[in-house]
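Below is one structure, written out as structure tokens, with a few remarks after it.
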Amino acid sequence: MGKIQSIFKYIYIIFLGLFFILLTTLVRVNAAVDGNNDGIDDGVSRWSKGSVTRSDPIKLNSSLSLGYSFGLTTDANSNYTPNTSDNTMVKDSETNGSLNMYYSKMNIFLVSPSNKYISSTFQGFATSSNIASRKQGVSMTSPDFLITKPGVYSNVLSDTMSVLGNKMTDKSYYFHEDSDGKYTYMIAGNFKRDNYNFVVELLLRPSSTNRTLVQREMYVRNVSGSTQEFQVFFGEDTKMGLASSSYADAVPIKDLGNNHGIFIAAGDYKLSITNETEDGFQHYVALSRKTNAPNWADRYDSNGNGDEKRNLNYGETLLDSTDSAYSLSWDKTTLANNQVAHFSSTIGETQSPYSLMHANKTYKNETNNTGKNNINDKLKFTLNITNNGYNANWNYRQLVDKIPEGLQIDPNSIKKSFNNGTEVSINPSDYDASTRTLTVPIAQSLTDNQTEKVTFEANITTDAISHLDSSGNLKNTGQFFGTDQKVTGSTEETIDASVNIPVEKPSFSSTFTKQLKNESTDSEFKDSTEGKKGDVIDYLISYKVDSGSKDYLQSGATITDEIPAGLEVDESSVYVKGPKDTNYYYQGTHYHEGKLISTGMNAIEQGESVLIKFSATVTANSVGLITNTANITGGTTSGGQATGEMVSNGADLNIKNINGFIQVPSLINFGAVNLAGQQENLTNTSTNGELIVSHPDDNPFNVYVSYDNSKDGLQNSNGNKLSSDGAGLLFIKQKNNSSTNNGTWHPLSSEATPIRTASFQNTNQEENLNFTDYIGVGDWQLKLAPDTVPGAYNGKLTWTMVDDITTS
């Protein structure tokens, strides 16, 4: 009996041990997702883990900042407070009914000049003295990202369809500082609902293309074991302003135009939501949140289309909302197991009357549409800047673009346009080949949603390969200079916009140059020189297939050089030396009347070259830059690859030793006004064209402008003239000794008025002097009498340049 009992004890002990092991297995807690090892490439190589939410706002200008965080950043008095010690972003989100949801919520806001927190979404319990309540209330009526079955457009509720509410778990929080000192924040976690088993990252990241916007992103990695189909929405219940204010919670929602998204403007604030980001939303609707269980897929049609299908223009109303909200959506996603999908939108907020300038630089390959850039391809660059401000006015003074080695700009292709209107050609002398710098005086006032664009063309040259960065790119940066006109005390700011140009390394490489020398002053050929009427200029064109090139150039290509106006070719001087020739042979210009030099080309093997030399006499009567390039067309390599149009560098001839105007403004624009029987003083909103002069010597001189109202006065198409009250009609702001002086208003008359009181002097022997800053935006004034007849008025200004009279 005793033996049997001992056996039972032994079995009983083993059974308890097994039960204990089973019990501990059942209650094991899942670990938080490791954001550095979650199988998602989010563009950040290494995240730093955080324990409390960070807030590092982006400085928009000297007074405003755009803030973003996953948590609380304000005190009970609506003051911006980055150090709230909010650690709730890693808690499982809690729902309260079908609307309210707490924790891990995206919080986008404006920090005002007085350090006030200006919300973009409704904030619950914002004035509560209980900080725990305020942490719960962050964006609590906004679901942020939602995931549904495809084609579901009813009952898309916060508590059942939001990623946070149902159900993202095992969260961890991270941050990353980029090379510009800007921060990205991320929450990683697991998402499980029905058959969906995803790893999810939620990100707040500064826009890479627009410094005034923040990107709200979601990455989804499918770990369900099979392909999954789903649809993504994003919803927000908006409210702009201080927590104590309610006027910005029920305002019209308007379209940004071009199907780019929506904006809401009320009182002093403006909120913009755009899809101008990688993997941006395709559809959007304006909503009026009328219940505490809003359907975030309301107003989409059965095909998933929203307000974008109306194709409205900027500022057209989408919805007169009683409680402003909106929803964004993406097309159905089909995601294979272990694959990743990405979803993104941008948000920005501003305050009246601040300008928020969005600058960007892009290019289009005009030679091919393969997505690859090759040597000799022609690229068209666009530098665009838009005022995304609210009741704002930005004086755009100047654009500067340093062209990298490896690009050959065509100075005759430079153009600008205002608000996508008529393109205006820019003087080629705005490009300085010696410094590879393009400097374009703009002189344009930009108000809300107005834009100014500068374009030019450039070819990729063979030396691009030796100037690529470690990623295989040429980098080109444009700088936009301007001043916020409506903000007291504003100083000029510089806004940069860059573009990377990947260039394919070719199996065929060559060198194509064009140089010149003035027979009177130069001993060697170079890229640029100076000359005057009557000088003889020698040109040398060289095309060589590089010794290290894998392929060579087959026969059949043609090399041409179109002679620009201002030069007369000596036909007897045109000689060519081919790849197998030991001496030059006479070519002439044949039937081209001295306007075009052209010759066919035999095969050019590695290390061989073609040379063309000729002379031309300067016939130009006015100062300026004469640039021309040589071209090769119809080429094919031994590898069967068409070379496209190959373009040499530009040979620059600066016509000097003549005092004169290179360019004067073509238009001083004062805009439109409703007089309503009262006198109005208008200042100009733009100056089209530039004021560029040549004055080679260092003698003091001045530039004068005159206006004769009786002879060339402002009049409309019906012959009505603007009348003067005797004190003057048209005024110029005359500066003292610098374009940055405040200046004083001087009336213009038939007697010439100097644009500044102190004389100019070309002490640095500059080729051209650009005085556009003296006659830009706000430097002209027009006084209109109360009885002025409506109409479009045009008049004429006269420009003169006179050396100072010196006496001995």
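Counting from 2, one number per residue, gives the positions in the sequence shown under this note's numbering. By construction, the Cβ of each residue, glycine as well, lies at the ideal position given by its N, Cα and C atoms. Bear in mind the structure is a predicted one, so any value in this text is a computation, not a measurement.
Alpha-carbon to alpha-carbon, residue j and residue i
| i | j | result |
| --- | --- | --- |
| Ser115 | Asn62 | 14 Å |
| Ile496 | Met358 | 8 Å |
| Asp528 | Lys373 | 30 Å |
| Gly812 | Asn369 | No answer is possible for residue 812: it lies beyond the span of the chain, which begins at 2 and ends at 809. |
| Thr323 | Lys271 | 17 Å |
| Ser94 | Met141 | 10 Å |
| Ala244 | Ser120 | 7 Å |
| Arg47 | Tyr69 | 21 Å |
| Thr26 | Phe110 | Here Thr26 scores only 36 on pLDDT, less than 50, and its place in the model should not be relied on; the value that follows carries that caveat. Rounded to whole angstroms, Thr26 to Phe110 spans 45 Å at the Cα level. |
| Gly36 | Thr74 | 24 Å |
| Thr462 | Thr318 | 49 Å |
| Leu23 | Thr170 | The pLDDT assigned to Leu23 is 39, lower than 50, so where the model puts this residue is not dependable; a value taken from the coordinates is nonetheless given after this. One C-alpha to the other measures close to 24 Å. |
| Leu158 | Arg222 | 23 Å |
| Leu626 | Asn389 | 37 Å |
| Lys596 | Pro412 | 20 Å |
| Glu237 | Thr275 | 14 Å |
| Phe526 | Asp536 | 15 Å |
| Gly777 | Ile254 | 36 Å |
| Pro701 | Ser760 | 6 Å |
| Thr383 | Thr522 | 38 Å |
| Gly262 | Asp256 | 6 Å |
| Met107 | Asp195 | 25 Å |
| Lys578 | Ala652 | 20 Å |
| Ile502 | Gln409 | 14 Å |
Close Cβ partners of residue i (< 7 Å) along its chain, the five nearest in sequence each way excluded
| i | result |
| --- | --- |
| Leu715 | Lys722, Leu723, Tyr794, Asn795, Gly796 |
| Ala604 | Tyr553, Leu554, Gln555, Ser556 |
DSSP beta-bridge partners of residue i
| i | result |
| --- | --- |
| Thr387 | His359, Thr452 |
| Arg217 | Leu205, Ser346 |
| Lys60 | Ser66 |
| Leu541 | Gln516, Lys614 |
| Thr170 | Asn191 |
| Ile265 | Leu272 |
| His177 | Thr185 |
| Phe732 | Pro748, Gln782 |
| Asp485 | Trp395 |
| Glu606 | In the DSSP output, where bridge partners are listed per residue, Glu606 has none listed. |
| Gln716 | Lys722, Asn795 |
| Met647 | Ile633 |
| Gly532 | Ile656 |
Contacts around residue i, its chain only, beta-carbon distance under 6 Å, and the 5 residues preceding and following it disregarded
| i | result |
| --- | --- |
| Pro748 | Gly729, Phe732 |
| Thr335 | Glu230 |
| Ala77 | Thr128, Ser130 |
| Gly3 | Since pLDDT at Gly3 reaches only 45, below the 50 mark, its modelled position is unreliable, and the value read off the structure follows with that caveat. There are no such residues. |
| Asn314 | Gly258 |
| Lys92 | Tyr104 |
| Val401 | Thr440, Gln480 |
| Thr799 | Ser707 |
| Gln607 | Val546, Ser548, Ser550, Tyr553 |
| Asn392 | Ser353, Pro354 |
Cβ-based neighbour list, residue i, same chain, cut-off 8 Å, excluding 5 preceding and 5 following
| i | result |
| --- | --- |
| Thr758 | Gln735, Lys736, Asn737, Asn738 |
| Lys150 | Glu230, Phe231, Gln232 |
| Lys416 | Glu424, Val425, Ser426, Ile427, Val455, Thr456, Phe457 |
| Arg29 | Caution is warranted here: a pLDDT of 40 is assigned to Arg29, below 50, making its placement in the model unreliable, and the coordinate value is therefore given only provisionally. Excluding positions up to five away in sequence, the list is empty. |
| Tyr705 | Ala753, Thr754, Pro755, Ile756, Trp800, Thr801, Met802, Val803 |
is_contact[residue i, chain B] using C-beta, thresh 8 Å
| i | result |
| --- | --- |
| His177 | The chain inventory of the structure shown lacks chain B, comprising one protein chain alone. |
Query raised in the report: Is the stretch 210-221 touching the stretch 342-357 in the sense that three or more CB pairs, one from each, lie closer than 8 Å?
Result: yes
Segment contact flag, the stretch 82-94 with the stretch 39-58, C-beta cutoff 8 Å, min 3 pairs = yes
Exercise for the section: Only counting runs of 4 or more residues, tell me where the alpha helix (DSSP H) segments fall wholly within the stretch 69-139, in order along the chain. Expected result: 132-137
May I have a chain-ordered list of the beta strand (DSSP E) segments no shorter than 3 residues that lie completely inside the stretch 752-809? 781-785, 799-804
Q: Kindly confirm or deny that the stretch 657-667 and the stretch 387-406 touch, where touching means at least three C-beta pairs closer than 8 Å.
A: no
Note to self: Within 8 Å, do at least three Cβ pairs link the stretch 292-303 to the stretch 151-165?
What the structure shows: yes
Legend entry - contact_flag[the stretch 648-658, the stretch 570-582] where n(CB pairs < 8 Å) is 3 or more: no
At what residue ranges does the stretch 139-164 contain a whole run of the alpha helix (DSSP H), taking only runs of 4 or more? 159-162
| request: Answer yes if the stretch 752-768 comes into contact with the stretch 675-687, meaning at least three C-beta pairs across the two stretches below 8 Å, and no otherwise. | output: no
*For the stretch 271-338, list the alpha helix (DSSP H) runs that are entirely contained and at least 4 residues long, ordered along the chain.*
none
As an exercise, report each continuous beta strand (DSSP E) stretch of at least 3 residues that is fully enclosed by the stretch 460-506, in chain order.
474-485, 494-503
Exercise for review: Pair every Cβ in the stretch 504-513 with every Cβ in the stretch 483-493, then say whether three or more of these pairs are closer than 8 Å.
Suggested key: no
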